[in-house]
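Worksheet: one structure, shown below.
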Amino acid sequence: MAGLEDLYREIILDHYRNPRNRGELEVPPATMTEGFNPLCGDEIQVYLQVTDGTISEVRIGGQGCSISQSSASMMSTAVVGKSIDEARDVLRQFKEMMSIHEHGLEGDDAAPADDRPGASGLGDLEALRGVVKFPVRIKCATLGWNTLDQALVLSEAGSPTE
Amino acid sequence: MDTEVSGKPPVGTFDVAALKAEFPLLQREVHGRPIVYLDSGATSQKPQAVLDAMDRYYAEINANVHRGAYHIAERATMAVESARASLARFLGAPSAEEVVFTKNATESINLVAHSWGRTNLAEGDVVLLTMLEHHANIVPWQQLAAERGVEVRWIPVDDQGRLDLANLDALLHGVRLLAVTAASNVTGALPPIRRLADAAHAVGATVLVDASQWVPHQPTDVTGWDADFVAVTGHKMLGPTGIGALWGRRELLDAMPPFLGGGSMIQNVTVDGFTPAEVPTRFEAGTQPIAEIVGWHAAIDVLDGLGMEAVAAHECDLTEYALRTLADRFGDDLAIHGPAGVVADGAVVRGGTLSLAYRDVHPHDLSQVLDQHGVCVRAGHHCAKPLMKVLGVNATARASLYLYNDESDVDALADALADAGDFFAS
């Protein structure tokens, strides 16, 4: 049985209580992209400052549950300093980890194939792997990332250096 | 269909333990604990009698209705029509012919918006809604507003999540339709429907009542409300999903064009066109969900057996117990969006829908921890985003009580809340 400790890992609660890169950036030069979870009303704003093809600053606004907020916080630390292509690579890996189709949904057997830290190169983000056992919460965990996806498109469009 | 029902108990002697035993799902465990089902506002659980009635229908008389002249087709037709008559009586409707089967209350409201609305509303006409409405009683009117230039206006709510009727007369100016919920699915508030209907009729407006959250819990009298349309759904009142109804005044329904076209809803079809059938079949295109209608009938029989006065009295007592228990145990750590008391000025002003805000724990996280205790509550915006904005929240955790809940369920909720508080304490 998937227990609460599978969902609420300590590092997740830490990011929830002490969110990183919380705030806003001036738009422009930064871009702001907003995402909504229509099921629960959570909302998120992703502010991106892309300089010379590199994500130099990220800020996260909005409000939501511990999973959506901590996932966005961890996302901000994972992509800052990366190029847009590198950020897209992290995004792709994360969304693969969150895909129920990758793991199947056979009740409580939806255990990840490999949940050792560092197995996928996602680092701290691995802590969110347990969310897959709680399918309703996957949308919480991916809210920030789907918003980042749009933010990257917007940044690229507005960035002549790309 | 014959459905065995128990004798009607006198008000105040509600045997919840015996009642719970009639619901197979309430016997199961989740996460190793007995299930504590507190999400009947989303959908109710189903008693064995409803499951049996649907099984018996398929096993014994399954046939399409209003078509074959053979025995089982006649039995199936009678099952549908006796369900219609039973529902009409249950709602206090003058005639079974005024009851149209639909998929759910949402479809009932859409039927009125498409058929009555597109016939009777033009640019500049006002549809008056309330801030308590479910999206089902908002979006169809907004669609009409976008298509026809109809103005949508709103009755505000006060700080206890009740309608603020101080400016009702001014709000009613130019109104052609008042569409109002009889019971909020978020705050539990019970608006004064008769007073609103009288005020609306005084300016010549038509009145639609969304009774989805009322009919399962209180005796219903559409005539006493003096409503013009009433939308109801089966699955929140012990019946199956996929079946609801619209009650409408005969003269209004008679003047309305069909909503969906197809089989059953016609008198005649030629290559040049069609002549619609009389009501209610005019609005029942295609094969209806017959087994669901039969199951709903069985649900009404169960409610009749208990007596809606007794159901309402039980829920009133239980809601008072819940408000008292949660206040005693959590004090200022817990806020409940909605009327503070069950009774105000001699009238019942709230039902057993408790939208909770607990410390700074997000409703989604709260419901997740409650789930580990087997406690089922809904987290989210409850399809009432305009109201959530007024309440100043994006979401709430909602516990909604029903006839099969008792004080032990409320106590289990309180225990689980205490555990959630510990879990998220930083």
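So the sequence lines, in the order shown, correspond to chains A and B. Start counting the first sequence at 0; every next residue gets the next number (numbering that gives the first Met the number 0). Start counting the second sequence at 0; every next residue gets the next number (numbering that gives the first Met the number 0). Yeah, the Cβ is synthetic: ideal placement off N, Cα and C, and Gly gets one too.
Secondary structure note for proline 275(B): its beta strand (DSSP E) is the uninterrupted segment 272-275. Looking at the DSSP output, aspartate 38(B) bridges to Ser399(B). Rounded to whole angstroms, leucine 400(B) and leucine 37(B) show a C-alpha spacing of 6 angstroms. Counting along the chain, the unbroken alpha helix (DSSP H) around serine 85(B) starts and ends at 70-90. Chain A places a beta carbon closer than 7 angstroms to that of alanine 394(B), counting this residue as a contact. Within 10 angstroms of the beta-carbon of asparagine 267(B) lie fewer than 16 other beta-carbons, which makes it exposed.
Going by DSSP, serine 55(A) is part of the beta strand (DSSP E) stretching over 53-62. Non-local C-beta neighbours of methionine 130(B) in its own chain, meaning closer than 7 angstroms and more than five positions away in sequence, comprise Trp153, Ile154, Pro155, Val156, Pro385, Leu386, Val389, ordered along the chain.
Within the stretch 31-55 of chain A, contact with chain B at the beta-carbon level (separation under 8 angstroms) is assigned to Leu38, Cys39, Gly40, Asp41, Glu42. Put simply, the stretch 9-27 of chain A touches the stretch 54-63 of chain A. At least three CB pairs are less than 8 angstroms apart. The shortest C-alpha to C-alpha distance from valine 409(B) to any of Gly285(B), Val270(B), Ala398(B) is the one to Ala398(B). Alanine 334(B) is positioned such that its CB atom lies closer than 7 angstroms to that of alanine 356(B).
Taking the C-beta atoms as reference points, glycine 187(B) is found nearer than 7 angstroms to glycine 337(B). Contact residues of the stretch 112-133 of chain B toward chain A are absent (C-beta to C-beta distance below 8 angstroms). Residue state for phenylalanine 329(B) is assigned as helix, using DSSP reduced to three classes. At a beta-carbon threshold of 7 angstroms, the residues of chain A lying near valine 368(B) are Leu3, ordered along the chain. When rounded, the separation of the alpha-carbon atoms in histidine 361(B) and alanine 394(B) is 8 angstroms. Contact with chain B is absent for serine 72(A), since none of that chain's Cβ atoms lies less than 7 angstroms from the residue's Cβ. If you ignore the 5 residues before and after glycine 148(B), its C-beta comes within less than 6 angstroms of the C-beta of Glu122, all in its own chain and listed in chain order. The beta carbon of serine 69(A) does not come within 7 angstroms of any beta carbon belonging to chain B, so the residue lies off that interface.
Put simply, the CB of aspartate 364(B) is near chain A, with a gap under 7 angstroms to one of its CB atoms.
Distance check between tryptophan 213(B) and each of Pro191(B), His200(B), Asp197(B) places Pro191(B) closest, using alpha-carbon atoms only. Comparing C-alpha distances from serine 85(B) to each of Phe273(B), Trp246(B), Asp158(B) shows the shortest one belongs to Trp246(B).
Rounded to the nearest whole angstrom, the CA to CA distance from glutamine 217(B) to tyrosine 403(B) is 15 angstroms. The beta carbon of valine 347(B) sits closer than 7 angstroms to the beta carbons of Leu189, Cys315, Val341 from its chain, once the five residues preceding and following it are set aside; these are given in chain order. Measuring C-alpha to C-alpha distances from glutamate 33(A) to each of Ala156(A), Ser69(A), Leu151(A) identifies Leu151(A) as the nearest. For tyrosine 15(A), the enclosing alpha helix (DSSP H) covers residues 9-16.
Between the C-alpha atoms of isoleucine 289(B) and isoleucine 242(B) there is a straight-line separation of about 9 angstroms. In the three-state scheme derived from DSSP, where H, G and I count as helix and E and B as strand, glutamine 212(B) is classed as coil.
In this structure, the beta-carbon distance from valine 202(B) to glycine 91(B) does not fall below 7 angstroms. Every alpha helix (DSSP H) stretch that sits fully inside the stretch 104-192 of chain B and reaches 4 residues is listed by chain position as 104-110, 138-147, 167-170. Residue pairing for tryptophan 246(B): DSSP places it in a beta bridge opposite Val98(B), Val229(B). Valine 26(A) sits exposed, since fewer than 16 C-beta atoms from the chains shown fall within 10 Å of its C-beta.
In this structure glycine 351(B) is buried. Its beta-carbon is surrounded by 16 or more other beta-carbon atoms within 10 angstroms.
The stretch 287-301 of chain B and the stretch 30-48 of chain B touch, with no fewer than 3 CB-CB distances between them shorter than 8 angstroms. Counting along the chain, glycine 379(B) sits inside the beta strand (DSSP E) bounded by residues 377-379.
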